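**Q** My questions will all concern the structure given below.
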Amino acid sequence: MSRIAIIGGHGKVALHLARILSGAGHQVSSVIRNPDHAADVSATGATPVTADVEHLDTSALAELVAGHDAVVFSAGAGGGSPERTYSVDRDAAIRVVDAAAQSDVRRFVMVSYFGARPDHGVPSDNSFFHYAEAKAAADEHVRASSLDWTVLGPSTLTEEPGTGKIDVGGSSASVSREDVALVVATALADDATIKRTIEFNNGSTPIAEALA
18 MSRIAIIGGH GKVALHLARI LSGAGHQVSS VIRNPDHAAD VSATGATPVT ADVEHLDTSA
78 LAELVAGHDA VVFSAGAGGG SPERTYSVDR DAAIRVVDAA AQSDVRRFVM VSYFGARPDH
138 GVPSDNSFFH YAEAKAAADE HVRASSLDWT VLGPSTLTEE PGTGKIDVGG SSASVSREDV
198 ALVVATALAD DATIKRTIEF NNGSTPIAEA LA
């Protein structure tokens, strides 16, 4: 059994993940900003923790994640203003990485997106540009850290039921949110995924085999 903190605990992927991890016997702390979402989190078997990671400094975040065995960052501004996108998807993510290191929480999984990189190629006048910039910066920060990190890059997210099968690499297509959660859970349990960036779509290979 592990203690796992999920940052962005009311997101759709995070709710799937909390259910999967709790069902496997892990202790899950799902961090949410809005206390009204606590019931949804509790229904997954996770413990809701109300905290606004966007406005907590590194020391406060270190207290939040202390005592856990792993942190999953799955928070996002959700298409808000560019300022909020940078505030959550870049700055808060970077502080959580630093907080995990400060609290000696070694295992860290960053949920990013397929194609995230400094040379992402998104034009500056495209509405997606700020998100691409923010995620690239956050991903680069965790890669440069001392943590046992994994960066996951799912393609376009869908609401389809999970199949438990993916394909790694290739071109960006689509993947169900439930399968993204299954990939996160599998990565957490597989040290072979440490120090790797894994981009994936729904596919035909069982997840554990695809990540090996």
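Taking the numbering used here, the leading residue of the sequence shown gets 18, the next gets one more, and so forth.
Positions of the beta carbon are idealized from the N, C-alpha and C atoms, including for glycine.
No experiment lies behind these values; they were computed from the predicted model shown.
1) For L78, which of helix, strand or coil comes out of DSSP?
2) Let's test the definition: count the other Cβ atoms within 10 Å of the Cβ of N219 and tell me whether it reaches 16, buried, or not, exposed.
3) At what residues does the alpha helix (DSSP H) containing T173 begin and finish?
4) Name the one or two DSSP bridge partners that N218 has.
5) When DSSP labels each residue in this structure, what does P99 get in the three-state scheme?
6) Thinking C-alpha only, which one of A63, H43, I183 and R20 is nearest H27?
7) In whole angstroms, give me the CA-to-CA distance for A269 and T173.
8) For the alpha helix (DSSP H) holding V58, just list the boundary residues, first then last.
**A** Let me spell this out:
1) Here L78 sits in helix by DSSP.
2) It counts as buried.
3) According to the DSSP assignment, T173 belongs to no alpha helix (DSSP H) but to the beta strand (DSSP E) extending over T173 to T175.
4) For N218, DSSP records a beta bridge to D184.
5) Reduced to three states, the DSSP call for P99 is helix.
6) Ranking the options by Cα distance to H27, first place goes to A63.
7) The chain is shown only over 18 to 229; residue 269 falls outside these bounds and no answer can be derived.
8) In this chain, the alpha helix (DSSP H) harbouring V58 covers A55 to S59.
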